[in-house]
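**Student:** What follows is a single structure, and I will ask about it in a moment.
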Amino acid sequence: MEIDKAWILAFEKYLVDVRRVSPHTIRAYRGDIADFVRFLKEGKPALEQVRAYLFRLHTEGKKKKTILRRFSSLAHFFSYLHEKGWISEDPFGHLDRQKPDKALPRALTVEEIRIFVEAADTKELLGLRDRAIIELLYATGMRVSELIALNRENISSDGWVTVLGKGRKERRVPVTGIAHRYLVAYLNDPRRYRDEGSIKKQKDEKAVFLNAKGKRLTTRSVDRMFQDVRKKSGLARPISPHALRHSMATHLLENGANIRVIQTLLGHSSLLTTTLYTKVSTALREAAYFDAHPLA
3 MEIDKAWILA FEKYLVDVRR VSPHTIRAYR GDIADFVRFL KEGKPALEQV
53 RAYLFRLHTE GKKKKTILRR FSSLAHFFSY LHEKGWISED PFGHLDRQKP
103 DKALPRALTV EEIRIFVEAA DTKELLGLRD RAIIELLYAT GMRVSELIAL
153 NRENISSDGW VTVLGKGRKE RRVPVTGIAH RYLVAYLNDP RRYRDEGSIK
203 KQKDEKAVFL NAKGKRLTTR SVDRMFQDVR KKSGLARPIS PHALRHSMAT
253 HLLENGANIR VIQTLLGHSS LLTTTLYTKV STALREAAYF DAHPLA
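Following my numbering, the numbering of the sequence shown begins with 3 at its first residue and continues without gaps.
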């Protein structure tokens, strides 16, 4: 993949004559394009290089707004090249453009997750349910909306769960051994079906997770449960289902998992979402640098 300097000059002229952008914006576009051009390697597919470049920005610790600005600059540039017929395919046409959003929660440590999950009282049926929920969320990284939508038929005996994600897209996700054990224990507990138990009578025969009245859980009830368990755990920091999803992705990345695998597990349609979603610690970046750089 090569970028002709004449294309860049033509694009800048287009920005001035047609888009009427300011000199400051022109300089920003020029810098973003130049940084990408320096990154390019001859002979590699365009889409592959775009993804690698965005991931590099993420691992360098660039702020999300910076990554999004560069993404936007390059997307406009390549769209212009494609419209002119100078490139046969726009690599950014395969990627979703993201909007800035609230900062992601800081990933929990493994020890914080251990303390949190062990605070659920598994002697009680609802406590067993809570432990299964927490274990499953951290094991799979699924969204809380996906969790409460789970039906018994989505749970496989081979340790996999079928998740119905955004856009009603299905994905199969592996489950850790401990999460599967608590899930099976909860599903097979006879108290789920007794009138006199803490769950009086099962109203929803399909749902995996039920409330005290035997009905399918809601996202609000899961949030309340998280607050209760967090108080029991003694942890001061707030913990949400989304924090477990973020922690799962971060821990996988820090332990060497392929970013594309994490994308599939989380159900992200765009790799850019995953690269912005996960955060590599400074210590990990430093360790990776000194391990990989030939002169370090």
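Ideal Cβ positions, reconstructed from N, Cα and C, are used throughout, including at glycine.
No experiment lies behind these values; they were computed from the predicted model shown.
1. Would the stretch 204-222 and the stretch 146-155 be scored as touching if the rule is three or more Cβ pairs under 8 angstroms?
2. So what's A181 in DSSP terms, helix, strand or just coil?
3. Pick out the complete beta strand (DSSP E) segments inside the stretch 149-195, 3 residues or longer, and give them in chain order.
4. Taking the alpha helix (DSSP H) that W9 belongs to, which residues open and close that run?
5. Determine which residues share a DSSP beta bridge with R218 and list them.
6. Measuring CB atoms only, is the stretch 175-190 touching the stretch 221-240, in the sense that at least three cross pairs come out at less than 8 angstroms?
7. Going straight from the alpha carbon of E85 to that of L11, what length do you get?
8. Thinking C-alpha only, which one of Y82, I5, T61 is nearest R21?
9. Which residue wins for smallest C-alpha separation from L138, given the options E126, L127, V175, D6?
10. Do the stretch 216-224 and the stretch 114-129 meet, that is, are 3 or more Cβ pairs less than 8 angstroms apart?
11. Under DSSP, the alpha helix (DSSP H) around H84 begins and ends at which residues?
12. When burial is assigned at 16 or more other CB atoms within 10 Å of the CB, is I180 buried or exposed?
13. Please classify S24 as buried or exposed, where buried requires at least 16 neighbouring CB atoms within 10 angstroms.
14. What did DSSP end up calling S242 once you bin it into helix, strand or coil?
15. When you compare only the Cα positions, how much space is there between K101 and H78?
**Tutor:** In terms of the structure at hand:
1. yes
2. What you label residue 181 is simply residue 179 of the sequence shown in a count that begins at 1. The answer is helix: DSSP assigns A181 an H, G or I state.
3. 162-166, 172-176
4. As a first step, residue 9 must be located in the sequence shown, where it is residue number 7. First-last of the alpha helix (DSSP H) with W9: 7-16.
5. In the sequence shown, residue 218 corresponds to position 216, counting from 1. BP columns for R218 point to L212.
6. no
7. One-based indexing of the sequence shown puts residue 85 at position 83. One-based indexing of the sequence shown puts residue 11 at position 9. Their backbone Cα atoms lie some 16 angstroms apart in a straight line.
8. Within the sequence shown, numbered from 1, the residue matching residue 21 stands at position 19. Per the Cα distances, Y82.
9. Within the sequence shown, numbered from 1, the residue matching residue 138 stands at position 136. The residue with the shortest Cα to Cα distance from L138 is V175.
10. no
11. Reading the sequence shown from its first residue, position 82 is the one you call residue 84. Counting along the chain, the alpha helix (DSSP H) containing H84 begins and ends at 66-86.
12. Counting from one through the sequence shown, the residue named residue 180 turns up at place 178. Result: exposed.
13. As a position in the sequence shown, residue 24 is number 22, starting the count at 1. That one is exposed.
14. Stepping through the sequence shown from its first residue, residue 242 is reached at position 240. In this structure, S242 counts as coil in the three-state DSSP scheme.
15. What you label residue 101 is simply residue 99 of the sequence shown in a count that begins at 1. What you label residue 78 is simply residue 76 of the sequence shown in a count that begins at 1. Bear in mind that a pLDDT of 49 at K101, under 50, signals an unreliable position, so the number given afterwards is only what the model happens to contain. Looking at the two C-alpha atoms, the distance is approximately 15 angstroms.
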